[in-house]
Every structure is written in structure tokens, then in C-alpha cells.
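Colleague:
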Amino acid sequence: MISVIIISKNRHHLLRHLLKSLEEQTFNDFEVIIIDNYSNEETVNYVKSITSDKFNVKKIFLPEEKTIAYCRNESFRGKYLDENSKYVMFIDDDDCISRDTLSWFYKRAVSTNAEIIISNFVSVFSKNGSCEELISKMSFSEVFFKLLRNFWMYVMGHLLFYKHFRSMMIHLRYSVMHSILIKREVFNNYAFDNSIIYGEDNHFRFNVFTTAKKIKYYPLFFVPYRKHGTNTQNDTYFQKKVHKLNSLDFLDRNSYPNVLKYLFLYKGQLKLKSKALLSPQEKSFIDSVNLIRKEISFFEKAKVNIYMFPSSLKNHLKINEKV
């Protein structure tokens, strides 16, 4: 059985498309767990009304807004997962999957006994389109480009240098959360960091991809990734809490390795950007980085490969590469 975990936040108009795609799955042995992250009344009422003859659906309503990481943990914390569930897939409420997706992932998970199964993905811009529209917009040119870009990862990962494959899967964007199927037992030793306001998926890669005994990557199977300008559910929460990144209190309450994780999580935002182009949130983060510049020796203690950081961040921190 697969447990499909969905975080819902004020996007019932998109959630209904996702649920329709789940109703149409050729695979039948799965359940759906919806965690509503303190949505507006309209979305809450919609979630309450959800029923299905195809799959068992469980609903969790949070009394206040939490981080996405907290929401993901909640599905495990409350023991909502079916005792027969063997695999977990996280799908955001604004995404969709094709009708054979769960079947495809399950077959490969069983046949390989891998802890992590990863597929390819294609970004598609669509604000309100149905899953059919989303899938139809996966253009040949985009798919072909992704194949050229990612196929060498398959060669690296399955035929040549597995160690380097893991590093690249962590530090480069070769997956989204719904292009990953995870063995449930992985979460016996891992929980999302509730303090992470933005980028918990990268935190997942950082921690799990390095410890999983067996990872399988398949660049020839694609899932659509909807882009519509408001992909981040935690925008409000992020705005309220971002000042913590600009305080010594934040550093005091988090171990240095955790601070380093934050540096890693924001590398995509800092990459290839001049200071003039940084958002207010990114500028706050830069301010936090400045606070720990003199404590740069903690990188050695955290045992993180400095060479994987983007050059812009290394230059800003005045880090000398030491592999």
C-alpha cells in the first residue's frame, strides 16, 4: 500500500484537480491523507466534504498555521498511516499525476527493493488548469531537454560512480517531492525539521539521500510540476517568521550544523543573483550569514562538502575550498 500525503492551504480549486487524478489511478492499493494547514473557511468546507469510493481518505485540520515540515510530520505523529502502508508519496495540493503514476512507482519499488525511487519531472506553467491540461503541456522540447540533462545522471547512478550520484541528486534539482516514492521505514529514523520555514524538500534530500541504502533514479518517466507564481504555501508564515533569520537568537537556538542546512537550503535563491536583485527575504538571510562569518570554522565540524556550495555564496562567506 502507498500512503499519499497532501498538504492543503487555501487552494481547493487546485486540490480538486489532484483528487480527480487520484480517482483515475490504475493502481488501487493506496490511501490519501490530507493535512489542512489552517485554511480559509471555503477550503476547510471543501476538504470536509471529500469522499471517495476508490481510496480511504483521512483528514487532519490544524488549529493554527504551521510550517510545511510540521504538516508532513503530523501524518506520522498521529499514526494516521494505515498499518499496511509500505510506501509514502508527498504531493502538494497544486500538483497532479498521470493515471499510471502510482502503479509505475510501486512496480519499481517492489522489483528493486530500493528505499527511494525517483522519476524525472517537467515544469509546466498553469494557474488553474486541469490535470489533463497540465500533462498535455509537457512539451516534447521540454521533455527532450530534460532527458539530455538528466540521462547522464542515470549512467552515473546505476553504472559508474554511485557516491557522486548521491551528491548530485542532493545538491542539484533533479526531483520534486511527488517524483519520489519513499519506503515508510525510512521515517523510522527521519523527521522533517519543524523549524524550517521554506525548503523542507531540500532538507529531505540533504538528510535522506545520503543515508538511504538503495536509491533508484529513472529519467525516462516524467511527472508534471505545476508553476503558477504562488507555489510556496508558507508565504504568510515565512513573512512573519523571517526576522528570526536575522537574529543571534536564531543562531543560539539552532546547532551550527542546522544553520549550515539553512545555508544550503537557500543556495538556489542566492545563486546567480547580485545583491540588487535579492528579495527582502534573501537579504535577511544574507544578514544572518554575515553574523556567522567569523564562526566559519563550524563548517569543518559539520562535515559538509564546501565545494558543493555555489561560488556566489562561497565568495560572500570568503570560504576557501577544501575537499
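With the first letter of the sequence shown counted as 1, position 148 gets the number 148 in full-length UniProt numbering; the numbers rise by one all the way through. From the three backbone atoms N, C-alpha and C, an ideal C-beta is built for every residue, glycine too.
1) Quick one: complete alpha helix (DSSP H) runs, 4+ long, within the region 94-121?
2) Express the C-alpha separation of E65 and T211 in angstroms, rounding to a whole number.
3) CB-CB under 8 angstroms to E133, same chain, minus the five flanking residues each way: which ones, in chain order?
4) Measure the beta-carbon distance from S179 to N113 and round it to whole angstroms, keeping in mind my assumption that it falls under 8 angstroms.
5) DSSP on V124, reduced to helix/strand/coil?
6) How should R11 be labelled, buried or exposed, when 16 other C-beta atoms within 10 angstroms of its C-beta is the threshold for buried?
7) Would you please state the rounded distance, in angstroms, between the beta carbons of I6 and D93? I believe it to be under 8 angstroms.
8) Check whether the Cβ atoms of C96 and L18 lie closer than 7 angstroms to each other.
9) Could you tell me how far apart the beta carbons of T51 and S8 are, in whole angstroms, since I believe they sit closer than 8 angstroms?
10) Taking the alpha helix (DSSP H) that S49 belongs to, which residues open and close that run?
11) State yes or no: is the C-beta of E24 within less than 7 angstroms of the C-beta of R99?
12) Among the residues of its own chain, which have a CB less than 6 angstroms from the CB of Y225, if the five just before and after it don't count?
13) So who's on the other strand from P224, going by DSSP bridges?
14) Suppose you measure from the CA of L14 to the CA of I68; what does that come to, to the nearest Å?
15) Is it buried or exposed, D53, if we count other Cβ atoms within 10 angstroms and call 16 or more buried?
16) From the DSSP output, in three-state form, read off F76 for me.
17) Quick one: is K214 buried, meaning 16 or more other Cβ sit within 10 Å of its Cβ, or exposed?
18) Just curious, the alpha helix (DSSP H) that E23 is in, first and last residue?
19) According to DSSP, is Y70 part of a helix, a strand, or is it coil?
20) For V4 and L22, what's the separation of their Cα atoms in angstroms?
21) Find out if the Cβ-Cβ distance for the pair M1, K86 is shorter than 7 angstroms.
22) State buried or exposed for P219, treating a residue as buried only when at least 16 other CB atoms are found within 10 Å of its CB.
23) Going by DSSP, which residues form a beta bridge with N189?
24) Among residues of its own chain, excluding the 5 on either side of N37, which ones have a beta-carbon nearer than 8 angstroms to its beta-carbon?
25) Return yes when the Cβ of I118 is within less than 7 angstroms of the Cβ of Y217, no when it is not.
26) Looking only at C-alpha atoms, which of D201, V208, D193 and K20 sits nearest to K183?
Modeller: The relevant details are as follows:
1) Secondary structure within the region 94-121: the alpha helix (DSSP H) runs of 4 or more consecutive residues, fully enclosed, are 101-112 (chain order).
2) One C-alpha to the other measures close to 31 angstroms.
3) S126
4) About 19 angstroms; that fails the 8 angstroms criterion.
5) strand
6) buried
7) 6 angstroms
8) Taking the C-beta atoms as reference points, L18 is found nearer than 7 angstroms to C96.
9) That belief does not hold up - the Cβ atoms of T51 and S8 are roughly 15 angstroms apart, past 8 angstroms.
10) E41 to S49
11) yes
12) F121, S123 and V176
13) V122.
14) 17 angstroms
15) exposed
16) helix
17) exposed
18) H12 to E23
19) helix
20) One C-alpha to the other measures close to 9 angstroms.
21) yes
22) buried
23) According to DSSP, N189 bridges with nothing at all.
24) I7, S8, K9, L62, E65, K66, I68, C71 and Q233
25) Cβ atoms of Y217 and I118: closer than 7 angstroms.
26) Comparing Cα positions, the closest option is V208.
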